[in-house]
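A.B. asks: In this note's numbering, the protein residues as written are 78 to 420.
Written as structure tokens, this is what we have:
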């Protein structure tokens, strides 16, 4: 485990002490009390990925808020920025272009109107409203029909509180199972620069991507304020492009989310879990389950808690030494992008 990740995890684990199923303390402070009238919750009521017992759920949520997203550095003045003006600035910084990607061949149709299509080595599934044909209105789409696919440049609607950006080049849907996330600890000013630089560079190299950043300036107190998603096969070219982006982006803060691998100050990377559970929530769940397991075993010594956490990671096919990787993944081969920058 890299020293920075190991040090952070060890410090977190050492600061927690469980008093009972409904009480724990941090750094020896006054115990936090959970409502003691809540028993184990049936799994169907809380979702597939959430722990059933309230103590583990509370620790998972706390770890995520405190260590995976929260940035404790002080940034004044963000609440003075007009949100509507900031939204307009984000859109103006986006150099992606709305349009149509032509020449996709249909190889499968379904009763609900969705199509399986191919262009070169790329495959996608598209739905009514996302494609058009060159034939007259009412023309039936069948295998062999050539369609054009809509290319969207942005959206404020996908996720509340976030602005989404999309690249010119449409992705292969199979790449969505092998994504890498780049986390940016950005300020509002930095987010504008990142949007401009990323859309310029990645579209120039025809890299399919999606990117999201917080849409409200007052929310920029998170280490994961902005996230870039790309297929792992594009990692090297994106990492090289990020060096140029970094040199022009003046307002990145240095901290990164827990469990991610730092590649530059304020930029951490991790593989996408490929599930509906976020990367941070998944790793925080394993951390919480390990700490609770050590308590149940009657040993809250640091070494016992760390061993229990390691077992949780191992049982999920993960390497606690490299918590930013998925099961059976090899580590990132980082190009020399630091150019002397201390990380």
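Ideal Cβ positions, reconstructed from N, Cα and C, are used throughout, including at glycine. Fair warning: this is a prediction, and the values are worked out from it, not measured in the lab.
Output the distance between the C-alpha atoms of residue 223 and residue 280, rounded to the nearest integer angstrom.
C.D. replies: Going from the Cα of residue 223 to the Cα of residue 280 covers about 24 Å.
A.B. asks: Spatial neighbours of residue 179 within its chain, please: CB distance less than 6 Å, with the 5 preceding and 5 following residues excluded, ordered by chain position.
C.D. replies: These residues qualify, in order along the chain: 225.
A.B. asks: Return the residue from the list 285, 319, 260 and 197 that minimises the CA-CA distance to residue 338.
C.D. replies: Closest by alpha carbon: 260.
A.B. asks: Using 8 Å for Cβ pairs, my map puts residue 292 next to residue 155. What's the rounded Cβ distance?
C.D. replies: That pair is no contact at about 13 Å.
A.B. asks: Verify whether the separation of the beta carbon atoms of residue 288 and residue 303 is less than 8 Å.
C.D. replies: The answer is yes: Cβ separation under 8 Å.
A.B. asks: Ordered along the chain, which non-local residues of its own chain (more than five positions away) have a Cβ less than 7 Å from that of residue 211?
C.D. replies: Hits under 7 Å: 223.
A.B. asks: What does the Cβ neighbour count give for residue 205, buried or exposed, with the cut at 16 atoms within 10 Å?
C.D. replies: Exposed is the call here.
A.B. asks: With a 10 Å radius around its C-beta and 16 neighbouring C-beta atoms as the bar for buried, classify residue 269 as buried or exposed.
C.D. replies: With 16 or more other Cβ atoms within 10 Å, it is buried.
A.B. asks: Grab me the residues of residue 266's own chain with a C-beta within less than 7 Å of its C-beta, minus the 5 sequence neighbours each way, in chain order.
C.D. replies: So the list reads 328, once near-sequence residues are dropped.
A.B. asks: Counting pairs of beta carbons, one from the stretch 170-186 and one from the stretch 367-381, are three or more of them closer than 8 Å?
C.D. replies: No, they do not touch.
A.B. asks: Just checking my contact of residue 278 with residue 411 at CB under 8 Å: how many whole Å lie between their CB atoms?
C.D. replies: At roughly 18 Å, the Cβ-Cβ gap does not stay under 8 Å, so residue 278 and residue 411 are not in contact.
A.B. asks: Taking all protein chains shown into account, do 16 or more other C-beta atoms lie within 10 angstroms of the C-beta of residue 201, making it buried, or fewer, making it exposed?
C.D. replies: Result: buried.
A.B. asks: Please report the Cβ distance between residue 137 and residue 361, rounded to the nearest whole angstrom; I am assuming they are in contact, meaning their Cβ atoms lie under 8 Å.
C.D. replies: Residue 137 to residue 361, Cβ: 5 Å. Contact.
A.B. asks: What number of angstroms, rounded off, separates the C-alpha of residue 191 from the C-alpha of residue 249?
C.D. replies: C-alpha separation (whole angstroms): 16 Å.
A.B. asks: If we require 3 or more residues per run, which beta strand (DSSP E) segments fall completely within the stretch 269-320?
C.D. replies: Those beta strand (DSSP E) runs which fall completely within the stretch 269-320 and span 3+ residues are 287-291 and 303-308.
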